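Numbering (this note's numbering), first residue to last: 1 to 272.
Don't be surprised by glycine CBs; every beta carbon is placed ideally from N, CA and C.
Just so it is clear, the structure is predicted and the values come from calculations on it, not from any experiment.
Here the structure comes first, spelled out in structure tokens, and everything after it is commentary.
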């Protein structure tokens, strides 16, 4: 079987070094996602009638970046590695070793956007609709980082594009990191930015983000190897799927409400 499948080469997780500082691919992917978000946000803020200033863009991205890092790391440690944290509390801050939870990062970003919206006297959904289309690029970049690190591989498979990850054994596995890159990165980026360009009603872009990400993640989890220490629940669902279910429900409700009750999303909105 191995003769017909590609063997993962084992990339160096360190992209380059600056003296004693080692820059890891995983961290570099996060930086790339932030740079893209900054570029696109400023481009959209410059459009007439956007309601956004460059200072507001800088502020909201700073809030969001903190939310991603703090929420993502806390979510990963407490959702997936709580036993490791109990054995080594310093593991919480060892972010350079990899390990970020999207769902934890989402909670962190939601809190950050709420604080920003309150400070700027904008509605929460005016902020979340502006930010949501900026996120998929970073998600896709993060999945490439997972692939380079040779982590979060898929389940054993016989499909011709299966990859042998030596750290996971001698059998070919689904390259689930690349599936997530295609869905969470590329497809979600196209969907959200199309909705933005079509000037969808307030709340639609945010609802699409929750629904589509939750659905994409739920689908891929069926071919992604569950965390060994967590396994599956009810002999079927992984932790990632359980965390994605509320996202899909919330996204569907938001889409319905945005189309049927638009006043829920726009009342009291103030623009710059």
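Asked	Found
Local conformation of residue 339 per DSSP, three classes	Nothing in the structure corresponds to residue 339, since the chain is present only between 1 and 272.
Buried or exposed (CB count within 10 angstroms, at least 16 for buried), residue 253	exposed
Residue 248 versus 262, 257, 208, residue with shortest Cα-Cα distance	208
Straight-line gap, residue 262 to residue 109 (C-alpha atoms, nearest Å)	23 angstroms
Spatial neighbours of residue 175 in its chain, beta-carbon cut-off 8 angstroms, leaving aside the 5 residues before and after	147, 153, 154, 161, 162, 163
Touch test, the region 16–24 against the region 105–125, Cβ-Cβ under 8 angstroms, three pairs minimum	no
Residue 140 in three-state terms, based on DSSP	helix
Minimum C-alpha distance to residue 14 - residue among 106, 149, 115, 104	149
Residue 169 versus residue 44: straight-line alpha-carbon distance, rounded	47 angstroms
Distance CB(residue 232)-CB(residue 226) smaller than 8 angstroms	yes
Nearest-angstrom Cβ-Cβ length linking residue 192 and residue 132, presumed shorter than 8 angstroms	6 angstroms
7 angstroms CB neighbourhood of residue 28 in its chain, flanking five on each side removed	15
Beta carbon of residue 103 nearer than 8 angstroms to that of residue 79	yes
Chain-order list of residues whose beta-carbon lies under 8 angstroms from that of residue 165 (same chain, five-residue window excluded)	8, 150, 153, 173
For residue 220: DSSP bridge partner residues	None, per the DSSP bridge assignment.
First through last residue of the beta strand (DSSP E) which encompasses residue 102	Run containing residue 102: none in the beta strand (DSSP E); it sits in the alpha helix (DSSP H), 102–120.
Other residues of its chain near residue 145: CB distance less than 6 angstroms, five sequence neighbours each side excluded	25, 26, 29
Cut-off 6 angstroms between Cβ atoms - residues of its own chain near residue 210, not counting five sequence neighbours on either side	247, 250, 251
Residues sharing a beta bridge with residue 92, DSSP	Answer is none; residue 92 lacks a bridge partner.
Within 8 angstroms, strictly: CB atoms of residue 203 and residue 258	yes
Coarse secondary structure for residue 27, derived from DSSP in three states	helix
Residue 190 classed as buried or exposed, judged by whether at least 16 other C-beta atoms fall within 10 angstroms	exposed
Distance, residue 179 Cα to residue 216 Cα	9 angstroms
Same chain only: Cβ atoms within 6 angstroms of residue 33, ignoring 5 sequence neighbours per side	137, 138, 141
Buried or exposed (CB count within 10 angstroms, at least 16 for buried), residue 46	exposed
Beta strand (DSSP E) runs contained entirely in the region 46–97, provided each spans 3 or more residues	none
Contact set for residue 18: own chain, Cβ-Cβ below 8 angstroms, skip 5 residues either direction	none
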